[in-house]
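Engineer: First the structure, then my questions, so here it is.
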Amino acid sequence: MNGTFADAVAPAPPVLVSARGLAVGHGRQALFPPLDAALRAGELVCLLGGNGAGKTTLLKTLGGILPPVAGSVTVGGETVATLAPRLRARRIALLLTTSQLPPFLLGRELVSLGRTPHAPWLPGRAARSHESDADIVQRVMAALRCEHLAERRLGQLSDGERQRLCLARALAQDAPVLLLDEPLSHLDPPAKAELLSLLQEWVRAPFPEGPSGSTPERVGRTVVAAVHEVDLALGFADRCLLVAPGLPPFLGTPEEAAGEPLRRVFPGWPTFWDPLGLRRGRGVRGVGESGDVHRAPGAGRGGHYGERHPGKA
Amino acid sequence: MSKLPFIFAVLLLLVALAFAIDVAFGPVMLSAAELVDGLLGRGDPASISNVILREFRLPRAVAALCAGAGLGVAGFLLQTQFRSPLAGPTELGISSGAALGVAALILAEPLLPTALLTALGPWPVAAAAALGAAATMALVLVIASRVWDSASLLLAGLMIASACGAVISLMQYFSDATQLKAYSLWGFGGLGGVTWPQNGVMAVCVGVGSLAAFLLSRPLYATLLGDSAAAALGVPVRAFRMMTLAVASLLAGAITAFCGPIAFVGLAVPHLARALVRRSDPRLLQPACVLVGAALLLVCDMLSHMPGLGRSQAVLPLNAITSLFGAPAVLYFLLRRAGRSA
Chain X
15 MNGTFADAVA PAPPVLVSAR GLAVGHGRQA LFPPLDAALR AGELVCLLGG
65 NGAGKTTLLK TLGGILPPVA GSVTVGGETV ATLAPRLRAR RIALLLTTSQ
115 LPPFLLGREL VSLGRTPHAP WLPGRAARSH ESDADIVQRV MAALRCEHLA
165 ERRLGQLSDG ERQRLCLARA LAQDAPVLLL DEPLSHLDPP AKAELLSLLQ
215 EWVRAPFPEG PSGSTPERVG RTVVAAVHEV DLALGFADRC LLVAPGLPPF
265 LGTPEEAAGE PLRRVFPGWP TFWDPLGLRR GRGVRGVGES GDVHRAPGAG
315 RGGHYGERHP GKA
Chain W
575 MSKLPFIFAV LLLLVALAFA IDVAFGPVML SAAELVDGLL GRGDPASISN
625 VILREFRLPR AVAALCAGAG LGVAGFLLQT QFRSPLAGPT ELGISSGAAL
675 GVAALILAEP LLPTALLTAL GPWPVAAAAA LGAAATMALV LVIASRVWDS
725 ASLLLAGLMI ASACGAVISL MQYFSDATQL KAYSLWGFGG LGGVTWPQNG
775 VMAVCVGVGS LAAFLLSRPL YATLLGDSAA AALGVPVRAF RMMTLAVASL
825 LAGAITAFCG PIAFVGLAVP HLARALVRRS DPRLLQPACV LVGAALLLVC
875 DMLSHMPGLG RSQAVLPLNA ITSLFGAPAV LYFLLRRAGR SA
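Protein sequence lines correspond, in order, to chains X and W. Residues in the first sequence are numbered consecutively from 15, following our numbering. Residues in the second sequence are numbered consecutively from 575, following our numbering.
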């Protein structure tokens with residue numbers, strides 16, 4: 015890549031994750047109308063929505079550990095529902111929020127669990143891959159600056175430190191698709207921005223890795239991260255996916271999402287608040303210059319969002 | 575990491591030493607020469623020392639070795655699968671099921687032909703215990719196929735255990751003194767009555783179970799993070815849980831059938847092994863559980879016949895010893911760990 019011409023003629027990156035008529039929920043009741051989305055390699059997608067909007071349910075369904083109510087998900091052309099569990103885990107790394115991690119586990123042990131889908135289950139065949147597993151664990155721990163936690167027990171760490179290790183675990187899974195549920199929780203404000211910028215780099219880095227030319231397509235990864243930090247999401251994401259109970263999901267660039275769609279999902283969202291100036295940096299406009307707060311039509315079912323953020327309005 | 579070979583070497587040595595001491599001492603004092611002759615198969619096979627070694631001490635020590643190793647692995651499997659430090663064969667109702675089987679047999683004994691029972695020797699008790707354990711495990715497995723989370727399943731196991739306990743209490747209420755004593759003796763747990771053929775069956779079950787458990791190490795490791803996280807790491811959670819439960823019940827069922835319900839070992843051994851190895855990888859912890867379990871039960875067995883040493887046949891109930899000496903050991907390691915992390 016050495017110029018704008020190359021960029022201009024470069025084909026669009028391939029679609030890695032594709033949802034067709036995807037309805038999600040527990041049981042038969044879908045949480046919101048079906049989602050049709052094509053997420054490309056090299057994209058960082060932030061999933062936004064209030065508490066109980068169905069972000070985790072959507073991530074679990076995209077990740078293949080929860081069956082869809084209707085529709086299907088494909089990753090790299092393969093239907094997730096029919097993939098063998100280990101194969102699926104090599105394609106999709108899904109990090110869920112966990113309240114209970116075993117306190118006796120060492121930091122390095124937690125991160126190395128991310129290698130589970132790649133390691134042979136039968137002992138004895140691991141000899142060759144074992145070293146490279148350790149290398150990958152080392153690399154992601156260095157990237158997330160948590161090497162100093164390697165020999166500490168999880169029970170001795172702060173929530174933020176544990177969160178870093180959990181993220182390292184997901185990165186160590188080394189999958190083309192990374193689905194993260196609230197990866198920024200417990201992190202301090204600079205670390206949140208740092209992590210999002212790391213994810214930006216991560217999605218664009220050539221993947222699969224290895225010597226150039228060894229694989230025909232080195233296209234990058236796709237990350238979908240459910241976050242509550244709307245400003246950071248608008249600042250860092252390539253696209254935003256907005257969900258709310260009963261409302262059709264919205265997928266668009268931060269610029270498109272920042273206006274009416276965001277106010278539909280968060281009816282009480284203050285439209286003028288931008289302490290880090292992140293949106294200005296991207297030239298984002300339209301997030302309510304007027305500063306008005308109003309309820310979108312049809313917000314009756316989702317209207318509770320306004321009540322949950324009364325102080326910010 | 576470098577300490578691990580040393581720890582395993584010490585554990586192996588400990589098991590060998592405990593085995594040797596367990597064989598060497600008993601109600602009848604044998605000289606060193608008699609012991610060596612007996613072990614090497616020299617001398618008169620009908621001599622008292624040889625008979626004692628061949629028919630009593632060795633089967634007893636081998637039973638302790640197998641039962642300790644098997645219970646350690648079963649406890650480790652269940653504690654990891656349920657992510658609960660309180661899980662064990664007893665807590666999941668496996669031992670209670672076996673106890674129910676034996677209680678039912680003892681209560682029904684007057685109704686069965688005496689000649690048949692005499693001819694069968696100790697096998698009916700073992701069969702009743704194995705059947706009871708298998709029946710409760712089948713029930714737990716049926717529940718496991720319908721219940722998603724491990725905590726509910728553990729609770730279901732506890733409910734089955736208490737239901738079995740209640741039925742046993744009712745049976746005891748309606749049984750006479752002889753039957754009560756017979757059941758109580760079995761309930762104390764003991765390695766004394768285990769014969770060579772029974773040892774063979776137990777060794778095969780423990781060997782197969784431990785090997786299967788070792789092969790399940792990888793997914794078992796991932797299960798530590800919880801069912802959803804394990805599923806996300808590519809573990810077929812339900813199928814895997816079925817396999818773990820089946821292996822644990824094979825181990826615990828076979829051992830309970832021959833040795834009676836041995837309390838505490840399954841619960842304590844994983845904690846002791848973890849405190850020693852200080853790693854969570856099942857590929858390291860499981861072999862450690864095998865060694866710690868075997869050593870612990872050998873030492874407990876040794877202690878149980880200490881009072882009768884050189885004098886009488888007096889043997890203390892094994893369950894009393896396992897709990898009496900195992901509980902302080904676990905407490906010590908817990909407190910030491912708490913002190914280190916504070």
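All residues carry an ideal CB built from backbone N, CA and C; glycine is no exception.
(1) Below 8 Å on the Cβ atoms is my contact criterion, and I expect W/S724 with W/L798 to pass it. Report the Cβ-Cβ distance as a whole number of Å.
(2) Less than 9 Å between the beta carbons of X/T112 and W/G800, yes or no?
(3) In this structure, how does DSSP classify X/E57 when only helix, strand and coil are distinguished?
(4) State yes or no: is the C-beta of W/T830 within less than 9 Å of the C-beta of W/I668?
(5) Distance cutoff 9 Å, beta carbons only. Does W/P810 sit that close to anything in chain X?
(6) Can you give me the Cβ contacts of X/E175 inside the same chain, cut-off strictly under 6 Å, excluding the 5 residues immediately before and after it?
(7) Is the Cβ-Cβ distance between W/A804 and W/F814 less than 9 Å?
(8) W/A796 CB to nearest chain X CB: under 9 Å?
(9) According to DSSP, is X/S86 helix, strand or coil?
(10) Which residue comes first and which comes last in the alpha helix (DSSP H) that contains W/G766?
(11) Counting only C-beta atoms, is X/P81 closer than 9 Å to chain W at any point?
(12) Are any of the Cβ atoms in chain W nearer than 9 Å to that of X/G227?
(13) Taking the alpha carbon of W/P529 as the point to measure from, which residue in W/G617, W/Q746, W/W697, W/L732 has its own alpha carbon closest?
(14) With 16 as the cutoff for other CB atoms within 10 Å, does W/M776 come out buried or exposed?
(15) Would you check if there are 3 or more beta carbon pairs closer than 8 Å linking the region 577-586 of chain W to the region 613-621 of chain W?
(16) Going along chain W in order, which residues have a C-beta closer than 7 Å to the C-beta of X/A103?
(17) Do X/T236 and X/E57 have their CB atoms nearer than 9 Å?
(18) Where does X/V257 sit, in a helix, a strand or coil, going by DSSP?
(19) Report, in whole angstroms, the separation of the C-beta atoms of X/V38 and X/G68, which I expect to be a contact under 8 Å.
(20) Across which residues does DSSP place X/T236 in a beta bridge pair?
(21) Residues of the region 86-99 of chain X with a CB closer than 7 Å to any CB of chain W: list them in chain order, please.
(22) Check whether the region 862-876 of chain W touches the region 664-678 of chain W, counting contact only when three or more Cβ pairs, one atom from each stretch, lie closer than 8 Å.
(23) Comparing alpha-carbon positions, which option in W/P902, W/D596, W/L639 lies nearest W/M876?
(24) So is X/P131 buried or exposed if we call it buried at 16+ other beta carbons inside 10 Å?
(25) In terms of residue numbering, what span does the beta strand (DSSP E) encompassing W/A751 cover?
(26) Expressed to the nearest angstrom, what Euclidean distance is found between the alpha-carbon atoms of W/E665 and W/S878?
(27) Report yes if the C-beta distance between W/A703 and W/F832 is below 9 Å; otherwise report no.
(28) Quick check: what's the CA-CA separation for X/P275 versus X/G63?
(29) So who's on the other strand from X/F264, going by DSSP bridges?
(30) W/I742 lies in the alpha helix (DSSP H); which residues open and close that run?
(31) Consider the Cβ of W/D723: report whether some Cβ of chain X lies at a distance smaller than 9 Å.
(32) If you compare alpha carbons, which of X/R153, X/L127, X/P47, X/A84 is closest to X/E41?
(33) Would you check if the distance between the CB atom of X/V89 and the CB atom of X/L30 is smaller than 9 Å?
(34) For a test of the three-state rule: what should DSSP assign to W/D618, helix, strand or coil?
(35) With DSSP run on the structure shown, which of helix, strand or coil describes W/A804?
(36) Taking its Cβ as the centre, do 16 or more other Cβ atoms sit within 10 Å of X/P47, making it buried, or is it exposed?
Structural biologist: Reading from the atomic positions:
(1) The count along the second sequence starts at 1 and reaches residue 724 of chain W at position 150. The count along the second sequence starts at 1 and reaches residue 798 of chain W at position 224. At roughly 11 Å, the Cβ-Cβ gap does not stay under 8 Å, so W/S724 and W/L798 are not in contact.
(2) The residue given as residue 112 of chain X occupies position 98 in the first sequence. The residue given as residue 800 of chain W occupies position 226 in the second sequence. Contact: yes.
(3) On the first sequence, residue 57 of chain X is found 43 positions in, with the first residue counted as 1. Three-state result, X/E57: strand.
(4) The count along the second sequence starts at 1 and reaches residue 830 of chain W at position 256. The count along the second sequence starts at 1 and reaches residue 668 of chain W at position 94. Going by C-beta atoms, W/T830 is nearer than 9 Å to W/I668.
(5) Numbered from its first residue, the second sequence carries residue 810 of chain W at position 236. W/P810 counts as touching chain X.
(6) Counting from 1 along the first sequence, the entry for residue 175 of chain X is found at position 161. L163, listed in sequence order.
(7) The sequence position of residue 804 of chain W within the second sequence is 230, counting from 1. The sequence position of residue 814 of chain W within the second sequence is 240, counting from 1. Cβ atoms of W/A804 and W/F814: closer than 9 Å.
(8) For the purposes of this step, residue 796 of chain W is identified with residue 222 of the second sequence, where counting begins at 1. Chain X contact via Cβ: present.
(9) Against the first sequence, residue 86 of chain X aligns to sequence position 72. Of the three classes helix, strand and coil, the one that applies to X/S86 here is strand, per DSSP.
(10) Taking the first residue of the second sequence as position 1, residue 766 of chain W is located at position 192. It is not in any alpha helix (DSSP H) - W/G766 carries neither H nor E in the DSSP assignment.
(11) Position 67 of the first sequence holds residue 81 of chain X. X/P81 does not count as touching chain W.
(12) Indexing the first sequence from 1 puts residue 227 of chain X at position 213. Reliability of the predicted coordinates at X/G227 is poor, the pLDDT of 45 falling under 50, and no value is obtained from them.
(13) What the structure shows of chain W is the stretch from 575 to 916, and residue 529 of chain W is not part of that stretch, so it cannot be assessed.
(14) Numbered from its first residue, the second sequence carries residue 776 of chain W at position 202. Classification for W/M776: buried.
(15) no
(16) Start at 1 with the first residue of the first sequence, and residue 103 of chain X comes out as number 89. Under the 7 Å cutoff, chain W gives A806, L807, G808.
(17) Counting from one through the first sequence, the residue named residue 236 of chain X turns up at place 222. Counting from one through the first sequence, the residue named residue 57 of chain X turns up at place 43. Yes, these two residues count as a Cβ contact at 9 Å.
(18) Locating residue 257 of chain X in the first sequence gives position 243, counting from the first residue. Here X/V257 sits in strand by DSSP.
(19) Counting from one through the first sequence, the residue named residue 38 of chain X turns up at place 24. Counting from one through the first sequence, the residue named residue 68 of chain X turns up at place 54. Between X/G68 and X/V38 the Cβ distance is about 6 Å, and since that is below 8 Å, they are a contact.
(20) As a working note, residue 236 of chain X is residue 222 in the first sequence. DSSP lists X/E57, X/V191 as partners of X/T236.
(21) P99
(22) no
(23) Within the second sequence, residue 876 of chain W is the residue found at index 302, counting from 1. The option with the nearest alpha carbon to W/M876 is W/D596.
(24) Against the first sequence, residue 131 of chain X aligns to sequence position 117. The residue is buried, with at least 16 neighbouring Cβ atoms inside 10 Å.
(25) Numbered from 1 along the second sequence, position 177 holds the residue referred to as residue 751 of chain W. It is not in any beta strand (DSSP E) - W/A751 instead sits in the alpha helix (DSSP H) that spans 751-761.
(26) Working through the second sequence from its first residue, we reach residue 665 of chain W at position 91. Working through the second sequence from its first residue, we reach residue 878 of chain W at position 304. Rounded to the nearest angstrom, the two C-alpha atoms are 24 Å apart.
(27) Residue mapping note: residue 703 of chain W aligns to position 129 of the second sequence, counting from 1. Residue mapping note: residue 832 of chain W aligns to position 258 of the second sequence, counting from 1. Going by C-beta atoms, W/A703 is nearer than 9 Å to W/F832.
(28) By one-based count along the first sequence, residue 275 of chain X stands at place 261. By one-based count along the first sequence, residue 63 of chain X stands at place 49. Cα-Cα distance, rounded: 11 Å.
(29) Within the first sequence, residue 264 of chain X is the residue found at index 250, counting from 1. In DSSP, X/F264 forms a bridge with X/L256.
(30) Numbered from its first residue, the second sequence carries residue 742 of chain W at position 168. Element bounds for W/I742: 724-747.
(31) Residue mapping note: residue 723 of chain W aligns to position 149 of the second sequence, counting from 1. So no, W/D723 is outside the interface.
(32) Counting from 1 along the first sequence, the entry for residue 41 of chain X is found at position 27. Strictly speaking, residue 41 of chain X in this sequence is Gly, with Glu absent from that position. Among X/R153, X/L127, X/P47, X/A84, the Cα nearest to that of X/G41 belongs to X/A84.
(33) Locating residue 89 of chain X in the first sequence gives position 75, where the first residue counts as 1. Locating residue 30 of chain X in the first sequence gives position 16, where the first residue counts as 1. Yes; because the gap between Cβ atoms is below 9 Å, this pair is in contact.
(34) Residue mapping note: residue 618 of chain W aligns to position 44 of the second sequence, counting from 1. W/D618: coil per DSSP, three-state reduction.
(35) Counting from one through the second sequence, the residue named residue 804 of chain W turns up at place 230. It is helical.
(36) Sequence index remark: in the first sequence, residue 47 of chain X carries index 33 (1-based). Looking at its Cβ environment, which holds fewer than 16 other Cβ atoms inside 10 Å, X/P47 is exposed.
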